[in-house]
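Notes for the one structure printed next.
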Amino acid sequence: MARVLQPKDRDVTAERLLDSSMRNSYDPDVDVDWNAPLVDGLGFMPAERMSLYGTHLWDRLTPEQRLELSKHEIGSITSVGLWTEIVLMQLLARYAADLDPRSPHTHYALTEIGDETRHAIMFGKGLTRLGLPAYGPPRVVRVPAKVFGAVIGGPAMFASVLVVEETTDRLQRSMLDDERIQPLIRMINRIHVVEEARHVRYAREELVRGLGKLSRSALEVHRLVTAVVAMTVMDILVHPGAYAAVGLDPREAREVALANPHHHESRRWMAEKVVAFLDEVGMIGGPSKAIWKRAHLI
Numbered sequence: 053m054a055r056v057l058q059p060k061d062r063d064v065t066a067e068r069l070l071d072s073s074m075r076n077s078y079d080p081d082v083d084v085d086w087n088a089p090l091v092d093g094l095g096f097m098p099a100e101r102m103s104l105y106g107t108h109l110w111d112r113l114t115p116e117q118r119l120e121l122s123k124h125e126i127g128s129i130t131s132v133g134l135w136t137e138i139v140l141m142q143l144l145a146r147y148a149a150d151l152d153p154r155s156p157h158t159h160y161a162l163t164e165i166g167d168e169t170r171h172a173i174m175f176g177k178g179l180t181r182l183g184l185p186a187y188g189p190p191r192v193v194r195v196p197a198k199v200f201g202a203v204i205g206g207p208a209m210f211a212s213v214l215v216v217e218e219t220t221d222r223l224q225r226s227m228l229d230d231e232r233i234q235p236l237i238r239m240i241n242r243i244h245v246v247e248e249a250r251h252v253r254y255a256r257e258e259l260v261r262g263l264g265k266l267s268r269s270a271l272e273v274h275r276l277v278t279a280v281v282a283m284t285v286m287d288i289l290v291h292p293g294a295y296a297a298v299g300l301d302p303r304e305a306r307e308v309a310l311a312n313p314h315h316h317e318s319r320r321w322m323a324e325k326v327v328a329f330l331d332e333v334g335m336i337g338g339p340s341k342a343i344w345k346r347a348h349l350i
């Protein structure tokens, strides 16, 4: 991926991705059994990937509370994922508006918008099925995100997309064959993992292609934007309301989670693959590298 990609490569890749989309796409209304009962005793995400795992607050929770917290944490992550899917649709629509409508590259961008629409609906139905709130990001993040969605483009846009998609993808992949996890969660994850693999290929190539056009000063700006997005998204994945749902003080629990070495390691694990790629192509470096370290992503 570090090689220079030529404009003609866009359509070659897009044709392959469009073919894959025709052969391997899902309809969540058909492919997810929303009426299937939940399995007693099974969790909603791996305990070792939960934000309070290994802390004194975790030790205070009963097994039932831990299962309930796993449901609310995955619900919070799903809510943030749903919101980022919608932001991504806005970015892709703005991006596609300036492309040649005859190009397979454009056609795949529009196909991806369709995929993300189905994913957002699937996540929303999942929250409804589990009886969870739509936690989502706080207002302090939603407001600047509107500006981000309206103005950010180029490498920072594609790098930010990769950070969101590849970190959550790592968590979802870890659950696909984990029999400790509810079948409903595993099926939602399976659909998302299969379709997101195409989105990652598309974004990685566009990122590499765009990097070749940047000046040194512009590169630092794109690095900074990406680092801020990475830190922000990882910090908002677990809403304080998830802790309140199991009787914990939300402010205290959030402070404990953000200081938890186990949680830091999970964040690095989630970001491991995308960080390696971004570092390889030069999107991590300079002054903004300190932000990645503060976010416990490197």
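Heads up: the sequence shown at position 134 corresponds to 186 in the numbering used here, and the numbers run straight through without jumps.
The beta-carbon is built from N, C-alpha and C at its ideal position, and this holds for glycine as well.
(1) To which residues does DSSP link ILE233 through a beta bridge?
(2) Should ASN76 go down as buried or exposed, given a rule of 16 or more other Cβ atoms within 10 Å for buried?
(3) Tell me which residue opens and which closes the alpha helix (DSSP H) that PRO207 is part of.
(4) From PHE210 to ALA255, what distance separates their C-alpha atoms?
(5) When you compare the CB positions of ALA208 and HIS274, do they come within less than 7 Å of one another, or not?
(6) Tell me the DSSP secondary structure of GLY50 in three-state form.
(7) As a quick exercise: from SER267, PRO115, ALA161, LEU143, pick the residue whose alpha carbon is nearest that of VAL22.
(8) To the nearest angstrom, report how far apart PRO190 and ASP61 are at their CA atoms.
(9) By DSSP, does HIS291 sit in helix, in strand, or in coil?
(10) Take THR65 and list the residues in its own chain whose beta-carbon comes closer than 6 Å to its own, dropping the five residues that flank it on each side.
(11) Excluding sequence positions up to five away, which residues of its chain have a Cβ less than 7 Å from the Cβ of ILE240?
(12) How many angstroms separate the CA atom of LEU330 from the CA atom of LEU228?
(13) Going by other Cβ atoms of all chains shown within 10 Å of its Cβ, with 16 needed for buried, is MET286 buried or exposed?
(14) Give the C-beta separation of GLN224 and LEU90 to the nearest angstrom, bearing in mind that I take them to be a contact with Cβ-Cβ under 8 Å.
(15) Count the C-beta pairs between the region 161-172 and the region 88-104 that are closer than 8 Å, then say yes if the count reaches three, no if not.
(16) When the Cα atoms are used, what is the spatial distance from HIS315 to SER269?
(17) Confirm, please, whether the CB-CB distance from TYR295 to ALA279 is below 7 Å.
(18) Going by C-alpha to C-alpha distance, which of GLU125, GLY206, SER226 sits closest to ALA309?
(19) Just verifying my parser: in three-state terms, what is the DSSP assignment at TRP86?
(20) Quick one: grab the DSSP three-state call for LEU349.
(21) Assuming MET322 contacts ARG222 under a Cβ cut-off of 8 Å, what Cβ separation, rounded to an integer in Å, is found between them?
(22) When the Cα of ALA172 is compared with those of ARG194, VAL132, LYS325, which residue comes out closest?
(23) I'd like the span of the alpha helix (DSSP H) that includes MET335, first residue to last.
(24) From THR180 to TRP86, what distance separates their C-alpha atoms?
(25) Report the rounded CA-to-CA distance for GLN117 versus GLY293, giving the unit in angstroms.
(26) Give every residue of the same chain whose Cβ lies closer than 8 Å to the Cβ of LEU214, excluding the five residues on either side of it in the sequence, and list them in chain order.
(27) Output the boundary residues of the alpha helix (DSSP H) element that contains ALA177.
(28) Leaving out five residues on either side along the sequence, give the residues of the same chain with a beta carbon under 6 Å from the beta carbon of LEU121.
(29) Going straight from the alpha carbon of ALA202 to that of GLU317, what length do you get?
Working from what's here:
(1) On the sequence shown, position 181 is the one that residue 233 refers to. Bridge partners of ILE233: GLY95.
(2) As a first step, residue 76 is located in the sequence shown; it is residue number 24 there, counting from the start. ASN76 is exposed by the Cβ-count criterion.
(3) Position 155 of the sequence shown holds residue 207. First-last of the alpha helix (DSSP H) with PRO207: 206-227.
(4) On the sequence shown, residue 210 is found 158 positions in, with the first residue counted as 1. On the sequence shown, residue 255 is found 203 positions in, with the first residue counted as 1. PHE210 and ALA255: Cα-Cα distance of roughly 5 Å.
(5) The count along the sequence shown starts at 1 and reaches residue 208 at position 156. The count along the sequence shown starts at 1 and reaches residue 274 at position 222. A contact, by the Cβ cut-off of 7 Å.
(6) This structure gives no information on residue 50, because the portion of the chain shown stretches from 53 to 350.
(7) Residue 22 lies beyond the stretch modelled for the chain, which goes from 53 to 350, so this question has no answer here.
(8) Walking along the sequence shown from the start, residue 190 turns up at place 138. Walking along the sequence shown from the start, residue 61 turns up at place 9. Between the alpha carbons of PRO190 and ASP61 lies a distance of about 39 Å.
(9) Taking the sequence shown and counting its residues from 1, one reaches residue 291 at position 239. Residue state, collapsed to three classes: coil.
(10) Here residue 65 refers to the residue found at position 13 of the sequence shown. Excluding residues within five positions, the ones whose Cβ falls inside 6 Å are GLU257.
(11) Reading the sequence shown from its first residue, position 188 is the one you call residue 240. Hits under 7 Å: VAL84, MET174, GLY178.
(12) For the purposes of this step, residue 330 is taken as residue 278 along the sequence shown, with counting starting at 1. For the purposes of this step, residue 228 is taken as residue 176 along the sequence shown, with counting starting at 1. Computed Cα separation, rounded: 26 Å.
(13) Residue mapping note: residue 286 aligns to position 234 of the sequence shown, counting from 1. MET286 comes out buried.
(14) On the sequence shown, residue 224 is found 172 positions in, with the first residue counted as 1. On the sequence shown, residue 90 is found 38 positions in, with the first residue counted as 1. No, GLN224 and LEU90 are not in contact; Cβ-Cβ is about 18 Å, not under 8 Å.
(15) no
(16) Your numbering for residue 315 matches position 263 in the sequence shown. Your numbering for residue 269 matches position 217 in the sequence shown. One C-alpha to the other measures close to 34 Å.
(17) In the sequence shown, counting from the first residue as 1, residue 279 sits at position 227. In the sequence shown, counting from the first residue as 1, residue 295 sits at position 243. It is not a contact, given that the beta carbons lie outside the stated cut-off.
(18) Sequence index remark: in the sequence shown, residue 309 carries index 257 (1-based). The shortest Cα separation from ALA309 among GLU125, GLY206, SER226 belongs to GLU125.
(19) Start at 1 with the first residue of the sequence shown, and residue 86 comes out as number 34. Reduced to three states, the DSSP call for TRP86 is coil.
(20) Residue 349 sits at position 297 when you count from the first residue of the sequence shown. In the structure shown, LEU349 sits in coil (DSSP, three-state: anything other than H, G, I, E or B).
(21) As a first step, residue 322 must be located in the sequence shown, where it is residue number 270. As a first step, residue 222 must be located in the sequence shown, where it is residue number 170. Between ARG222 and MET322 the Cβ distance is about 5 Å, and since that is below 8 Å, they are a contact.
(22) As a working note, residue 172 is residue 120 in the sequence shown. Nearest C-alpha to ALA172: VAL132.
(23) Counted from its first residue, the sequence shown places residue 335 at position 283. Neither: MET335 is in no alpha helix (DSSP H) and is coded neither H nor E.
(24) The residue given as residue 180 occupies position 128 in the sequence shown. The residue given as residue 86 occupies position 34 in the sequence shown. Using only the alpha carbons, I get a separation of about 10 Å.
(25) Here the question's residue 117 lines up with position 65 in the sequence shown. Here the question's residue 293 lines up with position 241 in the sequence shown. Using only the alpha carbons, I get a separation of about 14 Å.
(26) Residue mapping note: residue 214 aligns to position 162 of the sequence shown, counting from 1. Taken in chain order, the residues that qualify are VAL252, ALA255, ARG256, LEU259, VAL326, PHE329, LEU330.
(27) On the sequence shown, position 125 is the one that residue 177 refers to. Strictly speaking, residue 177 in this sequence is Lys, with Ala absent from that position. Looking at the DSSP string, the run of the alpha helix (DSSP H) that includes LYS177 is 156-182.
(28) As a position in the sequence shown, residue 121 is number 69, starting the count at 1. Answer for LEU121: VAL298, listed in chain order.
(29) As a working mapping, residue 202 is identified with position 150 in the sequence shown. As a working mapping, residue 317 is identified with position 265 in the sequence shown. Looking at the two C-alpha atoms, the distance is approximately 33 Å.
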